[in-house]
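Numbering (the working numbering), first residue to last: 23 to 346.
Glycine is no exception: its CB is placed at the ideal position from the N, C-alpha and C atoms.
Structure first, commentary second.
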Ligand SMILES: Cc1cc2nc3c(=O)[nH]c(=O)nc-3n(C[C@H](O)[C@H](O)[C@H](O)COP(=O)(O)OP(=O)(O)OC[C@H]3O[C@@H](n4cnc5c(N)ncnc54)[C@H](O)[C@@H]3O)c2cc1C
């Protein structure tokens, strides 16, 4: 089947999760000739070279000042043109705010269907199906699309390994797209987050803190552990609501869904809403003074201890281990 992968870039850097989406596309397309990628932005033409060997023969490039910042109307026009140019019957992307906005918009326009946030996917007889965590991760549903002219699928970051297989010439093909300029949506300002660490949704290691941190200042002990592990720092909603951590750090039902290899929950009780966002993490370590805390039910390793004692010890021991 003909598959198009939406490769998201930010500031001319391809997101790691976009390469994972490309590898997911390889699993659906029969051959590199059937698989294409599309990169939309400004000054992004050179990025196609980075996709060489990731399974796609063609990389459609939409490169114009009109696409410098994300604009749903302009980006939808560009993606639609790429879908038509490739004759794609499936479109794959990483489950992220951009695809959450773009894919339903285009699915409606093209008489398509959409599977969101799947952790694995396959195709049989031209029909795409996938596994989707539901009900706060308590159920893994197998979902399939029926009678969709174009099948849109978003893949949860860190679910599928990005693999370079040395197939896929990644030849750039420029698409001239007349971006609709009706002026309804304009980017007035871009405010960047303060953190230099990877975004939570893409991080392979996360150290998270809860209400029990008791102040923004106390998050520094989590930052120190995160520095040693090259991890990103997250927080529960209680910690965010109390002003100890920024909104962009919130993990959970009304925060971000994360899927790291390692999630260290420090002083987090493990409410259903928190677990909705982190339950699929591969290894979960919980540090909590209460041995009955629900977080221990999903933890691979549990430490019943005061985090203010346990975290600095962990940081110190890991530092020693990693220094040798
Ligand atoms: C509609 C809705 C949406 C929500 N969305 C989210 C969401 O997206 N994300 C989210 O996180 N929550 C969300 N919540 C809130 C959620 O229900 C919980 O209130 C919240 O997750 C609790 O955060 P917490 O674990 O930090 O705090 P608490 O539940 O108060 O837990 C603190 C834990 O720290 C332990 N502790 C205390 N002192 C120490 C110490 N010194 N060392 C170690 N452990 C210690 C305690 O034993 C306790 O288990 C939502 C709620 C609703 C109603």
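Kindly indicate which three-state DSSP category residue i falls into: helix, strand or coil?
{"i": "residue 219", "result": "coil"}
{"i": "residue 328", "result": "coil"}
{"i": "residue 317", "result": "helix"}
{"i": "residue 234", "result": "helix"}
{"i": "residue 305", "result": "strand"}
{"i": "residue 118", "result": "coil"}
{"i": "residue 392", "result": "Summary: the structure shown does not reach residue 392, with the chain confined to residues 23 through 346, and so no result is reported for it."}
{"i": "residue 213", "result": "coil"}
{"i": "residue 267", "result": "coil"}
{"i": "residue 163", "result": "strand"}
{"i": "residue 35", "result": "strand"}
Could you give the C-beta distance for residue i and residue j, rounded to a whole number, given that I count them as a contact under 8 Å?
{"i": "residue 247", "j": "residue 337", "result": "5 Å"}
{"i": "residue 358", "j": "residue 280", "result": "The chain is shown only over 23 to 346; residue 358 falls outside these bounds and no answer can be derived."}
{"i": "residue 104", "j": "residue 197", "result": "6 Å"}
{"i": "residue 88", "j": "residue 260", "result": "That pair is no contact at about 42 Å."}
{"i": "residue 100", "j": "residue 134", "result": "Contact doesn't hold; Cβ gap of about 17 Å is too wide."}
{"i": "residue 57", "j": "residue 66", "result": "About 19 Å separates the two Cβ atoms, so there is no contact after all."}
Tell me residue i's beta-bridge partners as DSSP assigns them.
{"i": "residue 28", "result": "60"}
{"i": "residue 272", "result": "257"}
{"i": "residue 138", "result": "Partner(s): none; residue 138 has no beta bridge."}
{"i": "residue 92", "result": "Looking at the DSSP assignment, residue 92 forms no beta bridge with any residue, so it has no partner."}
{"i": "residue 112", "result": "25 and 173"}
{"i": "residue 193", "result": "80"}
{"i": "residue 43", "result": "Per DSSP, none; premise fails for residue 43."}
{"i": "residue 149", "result": "146"}
{"i": "residue 310", "result": "326"}
{"i": "residue 284", "result": "227 and 305"}
Measure the Cβ-Cβ separation of residue i and residue j and say whether it is below 7 Å.
{"i": "residue 140", "j": "residue 173", "result": "no"}
{"i": "residue 82", "j": "residue 195", "result": "yes"}
{"i": "residue 190", "j": "residue 76", "result": "yes"}
{"i": "residue 241", "j": "residue 115", "result": "no"}
{"i": "residue 40", "j": "residue 30", "result": "yes"}
{"i": "residue 177", "j": "residue 80", "result": "no"}
{"i": "residue 164", "j": "residue 153", "result": "yes"}
Worksheet item: Can you list every residue whose CB sits closer than 5 Å to some heavy atom of ligand 1, going in chain order?
Response: 232, 233, 234, 258, 259, 260, 274, 275, 276, 277, 289, 290, 291, 293, 295, 296, 310, 311, 312, 315, 328 and 329
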